[in-house]
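J.:
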Amino acid sequence: MAEETGRTSQPAEAGGDPPQRPALNVMSLNIAHGRKLARHQVLLSRATIEENLADIAAVVRREEVDVVALQEADGPSFWSGNFNHVARVGHLGDLEYHFRGGHLAIRARNSHLTYGTALISRWPLSATKSHAFAPSPPTPKKGFVVATVTVPGFGRDVDIVSVHLDFLSFRQRTRQIQELINVVSARGNPLIILGDMNCGWGRQRSSLRQLADNLGLHTHHPTEKIATFPAHRPRRRIDWIFVSSEFEILEYRSLPDQVSDHLGIVAKVTLAKPE
Numbered sequence: 001m002a003e004e005t006g007r008t009s010q011p012a013e014a015g016g017d018p019p020q021r022p023a024l025n026v027m028s029l030n031i032a033h034g035r036k037l038a039r040h041q042v043l044l045s046r047a048t049i050e051e052n053l054a055d056i057a058a059v060v061r062r063e064e065v066d067v068v069a070l071q072e073a074d075g076p077s078f079w080s081g082n083f084n085h086v087a088r089v090g091h092l093g094d095l096e097y098h099f100r101g102g103h104l105a106i107r108a109r110n111s112h113l114t115y116g117t118a119l120i121s122r123w124p125l126s127a128t129k130s131h132a133f134a135p136s137p138p139t140p141k142k143g144f145v146v147a148t149v150t151v152p153g154f155g156r157d158v159d160i161v162s163v164h165l166d167f168l169s170f171r172q173r174t175r176q177i178q179e180l181i182n183v184v185s186a187r188g189n190p191l192i193i194l195g196d197m198n199c200g201w202g203r204q205r206s207s208l209r210q211l212a213d214n215l216g217l218h219t220h221h222p223t224e225k226i227a228t229f230p231a232h233r234p235r236r237r238i239d240w241i242f243v244s245s246e247f248e249i250l251e252y253r254s255l256p257d258q259v260s261d262h263l264g265i266v267a268k269v270t271l272a273k274p275e
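Laid out in structure tokens, this is it:
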């Protein structure tokens with residue numbers, strides 16, 4: 001399993017408004033191997049894929065994102081231009097630090113392929129871990145990455161996760177979520193989990209309820225239809241951002257930009273007010 005870490009490149013006056021609580025802007029996007037809305041990335045030139053990733057980075061800059069979670073994020077792969085998509089988005093998006101997990105990696109004599117999930121951050125990423133879920137045939141392997149970020153003004157470390165769950169099987173998603181729970185609960189930090197969950201809030205025993213209940217997470221209006229897929233005509237809410245009880249979600253929305261077959265989602269997160 002491939003792993004890669006890298007670098008891409010005032011107080012209120014008396015009587016005025018109280019100082020704002022420090023906030024963290026996060027974003028999640030399945031970048032679909034850089035193909036945007038094309039049928040398959042292997043049909044595109046490297047130049048086209050580079051342009052597509054530049055469009056994604058432009059959204060990151062516009063939204064002033066601090067940490068981005070990516071799914072279907074390629075390392076150098078024969079089918080998508082043979083370059084590191086995560087480093088490229090980070091560099092063009094003015095975010096210096098990145099960590100990529102290659103949950104699926106195939107090497108042959110004349111070609112190679114690796115992709116998975118990734119985090120790109122304004123601040124250093126520490127205690128990084130890439131976890132590939134157990135095989136789930138007939139679908140390709142999925143997984144998650146997690147890293148610790150020290151957010152200025154928060155006063156404590158935060159674990160941030162980018163995850164991609166199986167699209168075909170409820171049983172596989174349930175098992176994958178249990179793997180995720182086992183790993184992140186042992187770390188003991190407040191949590192922000194972002195990703196392509198390939199499912200909705202749905203029924204009482206849904207995969208997402210399992211995740212939220214076991215880790216004490218909440219999200220923004222889980223029954224609201226903030227559709228993210230497919231990008232050209234969004235009908236399903238399958239991309240999500242969850243936070244632990246230490247945090248409050250101030251803003252949460254999907255983005256209109258069709259830079260992938262999924263729409264991106266962004267949230268502004270701050271520390272919860274003391275009770």
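Take 1 as the starting number for the sequence shown in full-length UniProt numbering and just add one per residue. Heads up, the beta-carbon is just placed ideally off N, CA and C, and yes, glycines get one too. Remember, it's a predicted structure, so these values are computed and weren't measured experimentally.
1. According to the neighbour-count rule (16 or more other Cβ atoms, all chains shown, within 10 Å of its Cβ), is Asp-213 buried or exposed?
2. Excluding the 5 residues preceding and the 5 following Asn-84 in the sequence, name in chain order all residues of the same chain whose CB lies nearer than 7 Å to its CB.
3. Between the Cα of residue 297 and those of Trp-79, Arg-100 and Lys-129, spot the shortest distance and give me the residue it belongs to.
4. Who are Leu-215's beta bridge partners in DSSP?
5. Going by Cα to Cα distance, which pick from Ala-38, Leu-24 and Ala-23 is closest to Asp-261?
6. Under a Cβ-count criterion, where at least 16 other Cβ atoms within 10 Å of its own Cβ denotes burial, should Asn-198 be classed as buried or exposed?
7. State the DSSP-derived secondary structure class of Val-151, mapped to helix, strand or coil.
8. For Val-161, write down the residues that DSSP places opposite it in a beta bridge.
9. Is the number of C-beta pairs between the region 53-69 and the region 156-169 that are closer than 8 Å three or more?
10. To the nearest angstrom, report how far apart Ser-136 and Phe-167 are at their CA atoms.
11. To the nearest angstrom, report how far apart Ala-127 and Phe-144 are at their CA atoms.
12. Return the first residue and the last residue of the beta strand (DSSP E) that Gln-178 is part of.
13. Mind reading off the beta-carbon distance from Gly-153 to Pro-234? Whole number of angstroms is fine, and I expect it under 8 Å.
14. Would you identify the three-state DSSP class for Ile-238, choosing helix, strand or coil?
15. Compute the Euclidean distance between the alpha carbons of Leu-191 and Val-269, then round it to the nearest angstrom.
T.: Taking the definition as stated:
1. By the beta-carbon neighbour count (other beta carbons within 10 angstroms, threshold 16), Asp-213 is exposed.
2. So the qualifying residues of the chain are Gly-75 and Pro-76.
3. In the structure displayed, the chain extends from 1 to 275; residue 297 sits before or after that span and is not available.
4. Residue pairing of Leu-215 in beta bridges, as defined by DSSP: absent, with no partner found.
5. With distances taken between Cα atoms, Asp-261 lies closest to Ala-38.
6. Per the 10 Å Cβ criterion, buried.
7. Coil at Val-151, not helix or strand.
8. BP columns for Val-161 point to Val-146 and Ile-193.
9. Under the 8 Å Cβ criterion, the region 53-69 counts as touching the region 156-169, having at least three qualifying pairs.
10. Distance between the alpha carbons of Ser-136 and Phe-167: 10 Å.
11. Roughly 14 Å separates the two Cα atoms.
12. Counting along the chain, Gln-178 falls outside any beta strand (DSSP E), though it belongs to the alpha helix (DSSP H) covering 170-185.
13. Contact annotation, Gly-153 with Pro-234: C-beta distance approximately 34 Å; criterion of less than 8 Å not satisfied.
14. In the structure shown, Ile-238 falls within a coil segment according to DSSP collapsed to helix, strand and coil.
15. Approximately 11 Å between the Cα atoms of the pair.
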